[in-house]
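**Student:** Here it is: the structure, laid out below.
Residue numbers (our numbering): 2 to 146.
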């Protein structure tokens with residue numbers, strides 16, 4: 002039972018992703034998705050630290066409303082400015098935590114992870130940050146120099 006539960010969860014997750022990708026719930030497509038889910042190789046990694054996993058999940062969930070807010074700011078018309086930043090990683094040896102970090106970072110508009118630096122301790126991130134429009138000059142009504 003201890004080995005069967007992870008296999009069932011993994012297979013169900015893979016089948017769900019298959020259904021989302023194909024957008025087809027016919028019996029044949031479900032059968033093909035089940036075969037693909039069972040044939041894909043399984044990753045064997047060390048057990049996940051619960052605290053790090055919960056922290057990464059929480060940060061990923063908080064990134065969704067932040068991404069919507071940033072998208073609304075882009076719609077309003079602020080001008081983006083290029084910037085290269087770096088951010089600390091959670092644990093670069095656990096693939097799920099790396100995936101959640103990269104997902105959280107790339108979910109925001111105009112942001113992408115370029116790679117790792119400092120021996121895998123920090124992500125190098127390229128971002129288009131929003132800058133405020135120039136303030137209007139009260140005397141001329143135009144932007145200040």
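In this text, a Cβ means the ideal position worked out from N, Cα and C, and glycines have one as well.
Report, in whole angstroms, the separation of the C-beta atoms of residue 29 and residue 12, which I expect to be a contact under 8 Å.
**Tutor:** On the chain shown, position 28 is the one that residue 29 refers to. On the chain shown, position 11 is the one that residue 12 refers to. Wrong, their Cβ atoms sit about 18 Å apart, outside the cutoff.
**Student:** Touching or not, the region 7-23 and the region 54-65, by the rule of three or more beta carbon pairs under 8 Å?
**Tutor:** With a cut-off of 8 Å, the region 54-65 and the region 7-23 do not count as touching, because too few Cβ pairs lie within range.
**Student:** What does residue 87 pair with, by DSSP beta-bridge criteria?
**Tutor:** Taking the chain shown and counting its residues from 1, one reaches residue 87 at position 86. Answer is 125.
**Student:** Out of curiosity, what's the CA-to-CA distance linking residue 85 and residue 108?
**Tutor:** Working through the chain shown from its first residue, we reach residue 85 at position 84. Working through the chain shown from its first residue, we reach residue 108 at position 107. Whole-angstrom Cα-Cα distance: 16 Å.
**Student:** Does DSSP put residue 33 in a helix, in a strand, or in coil?
**Tutor:** Counting from one through the chain shown, the residue named residue 33 turns up at place 32. It is helical.
**Student:** Exposed or buried, which one is residue 5 when buried takes at least 16 other CB atoms within 10 Å?
**Tutor:** Position 4 of the chain shown, counted from the first residue, corresponds to residue 5. Answer is exposed; the Cβ neighbour count stays below 16.
**Student:** Measure the Cβ-Cβ separation of residue 123 and residue 90 and say whether it is below 8 Å.
**Tutor:** In the chain shown, the residue the question calls residue 123 occupies position 122. In the chain shown, the residue the question calls residue 90 occupies position 89. The answer is yes: Cβ separation under 8 Å.
**Student:** Taking the alpha-carbon positions, what's the residue 55 to residue 68 distance?
**Tutor:** As a working note, residue 55 is residue 54 in the chain shown. As a working note, residue 68 is residue 67 in the chain shown. If you take the alpha carbons of residue 55 and residue 68, they lie about 20 Å apart.
**Student:** Find the nearest neighbour of residue 105 within the set 22, 52 and 58, judged by alpha-carbon distance.
**Tutor:** If you number the chain shown from 1, residue 105 lands on position 104. The shortest C-alpha separation from residue 105 is found at 58.
**Student:** Which of the three DSSP states is assigned to residue 113 in this structure?
**Tutor:** Locating residue 113 in the chain shown gives position 112, counting from the first residue. Residue 113 falls in the strand class under three-state DSSP.
**Student:** Could you check if residue 120 is buried or exposed, using at least 16 other CB atoms within 10 Å of its CB as the buried criterion?
**Tutor:** Position 119 of the chain shown, counted from the start, is the residue given in the question as residue 120. Exposed, because fewer than 16 other Cβ atoms sit within 10 Å of the Cβ of residue 120.
**Student:** If the criterion is Cβ atoms closer than 8 Å, does the pair residue 98 and residue 111 meet it?
**Tutor:** Here residue 98 is taken as the residue at index 97 of the chain shown, counted from 1. Here residue 111 is taken as the residue at index 110 of the chain shown, counted from 1. In this structure, residue 111 does not lie closer than 8 Å to residue 98 by Cβ.
**Student:** From which residue to which residue does the alpha helix (DSSP H) around residue 43 run?
**Tutor:** Taking the first residue of the chain shown as 1, we reach residue 43 at position 42. Run containing residue 43: none; DSSP gives neither H nor E here.
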